[in-house]
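In the working numbering, the protein residues as written are -2 to 205. Just so it is clear, CB atoms sit at the ideal spot from N, CA and C, and this is done for glycine as well. Everything below concerns the one structure shown next.
Here it is, written out as structure tokens:
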């Protein structure tokens, strides 16, 4: 995360006192925040930026669970911390199974919520770094020729150049040239580094 860009905390709760309390709390520790009384109002301005969403489960109109489902459909990366009232624990557990980061039961201590927010932001930042890395690696893979990808698939299986040459019916020297070009295009420092990149990109399953 860039040092000059603060995380954004979205607060969606129909209880003004909760929104106000959480807003003051996150502002006091340096986070930006936006608060909304209902899910529809939130969706009108929502951007999947670095931050997290503090979401009430029970709200008039679109519930927190319904909003979570909508965000899942949009492939949102933002971690969700559900704010639950008495008797909502079963729903909170279901929300966790659907990918929510955590939940807090009302009433809650500010310190506990801040701790969960901090952990959610750390996860969100790592997820975004991993996604950027995956996109960069996929671009490198897409720069390979069809034959280079075939060779890389054989390399991913740990095969020696001689075996690859036999399998692909090409000269061993040609395999060595392809391997050199693959390492260059993939910006791989070693075979282990190449394998790690393929695993990050999810390509290794397709190679084998």
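**Asked** If we count the other Cβ atoms within 10 Å of its Cβ and call it buried at 16 or more, is residue 51 buried or exposed?
**Response** buried
**Prompt:** Whole-angstrom Cβ separation of residue 183 and residue 144, contact assumed at under 8 Å?
**Reply:** The pair is not a contact, with the Cβ atoms about 15 Å apart (cut-off 8 Å).
**Request:** Have a look at 12, 129, 64 and 15 and flag the residue whose alpha-carbon is nearest the alpha-carbon of residue 37.
**Result:** 64
**Message:** Can you tell me whether residue 181 is buried or exposed? The criterion is at least 16 other CB atoms within 10 Å of its CB, across all chains shown.
**Reply:** exposed
**Request:** Take the Cβ of residue 108 as the centre, count every other Cβ of all protein chains shown within 10 Å, and call the residue buried at 16 or more, exposed below.
**Result:** exposed
**Message:** Taking 7 Å as the threshold (C-beta atoms), are residue 77 and residue 97 in contact?
**Reply:** yes
**Prompt:** Among all the DSSP beta bridges, which residues are the ones paired with residue 48?
**Reply:** 5
**Item:** Where residue 39 falls: helix, strand or coil (DSSP)
**Value:** helix
**Asked** Can you find at least 3 beta carbon pairs, one from the stretch 144 to 154 and one from the stretch 171 to 178, that sit closer than 8 Å?
**Response** yes
**Message:** I need the DSSP call for residue 108, collapsed to helix, strand or coil.
**Reply:** helix
**Asked** Ends of the beta strand (DSSP E) at residue 32?
**Response** 29 to 33
**Request:** Drop a sphere of 10 angstroms on the beta-carbon of residue 95, count the other beta-carbons inside from all chains shown, and report buried for 16 or more, exposed for fewer.
**Result:** exposed
**Request:** Mind listing, in chain order, the continuous alpha helix (DSSP H) runs of no fewer than 4 residues lying wholly within the stretch 58 to 140?
**Result:** 61 to 70, 86 to 94 and 107 to 139
**Request:** On a CA-only basis, which of 22, 93 and 162 is nearest residue 115? Give me that one, please.
**Result:** 22
**Outcome for residue 42 when other beta-carbon atoms lying within 10 angstroms are tallied against a minimum of 16** = exposed
**Asked** In its own chain, which residues sit with a C-beta less than 8 Å from the C-beta of residue 128, not counting the 5 before and 5 after it?
**Response** 74
**Message:** Suppose the cutoff is 8 Å on Cβ atoms and the five residues either side in sequence are ignored; what does the same chain contact list for residue 162 look like?
**Reply:** 168, 169, 171 and 172
**Item:** Same chain only: Cβ atoms within 7 Å of residue 124, ignoring 5 sequence neighbours per side
**Value:** 74
**As assigned by DSSP and simplified to three states, the class of residue 53** = strand
**Item:** Spatial distance of residue 245 from residue 130 (CA atoms)
**Value:** The chain is shown from -2 up to 205; residue 245 falls before or after that span and cannot be answered.
**Prompt:** Do three or more CB pairs link the stretch 11 to 19 to the stretch 81 to 95 at distances below 8 Å?
**Reply:** no
**Prompt:** Looking at the structure shown, is residue 177 part of a helix, part of a strand, or coil, going by DSSP?
**Reply:** helix
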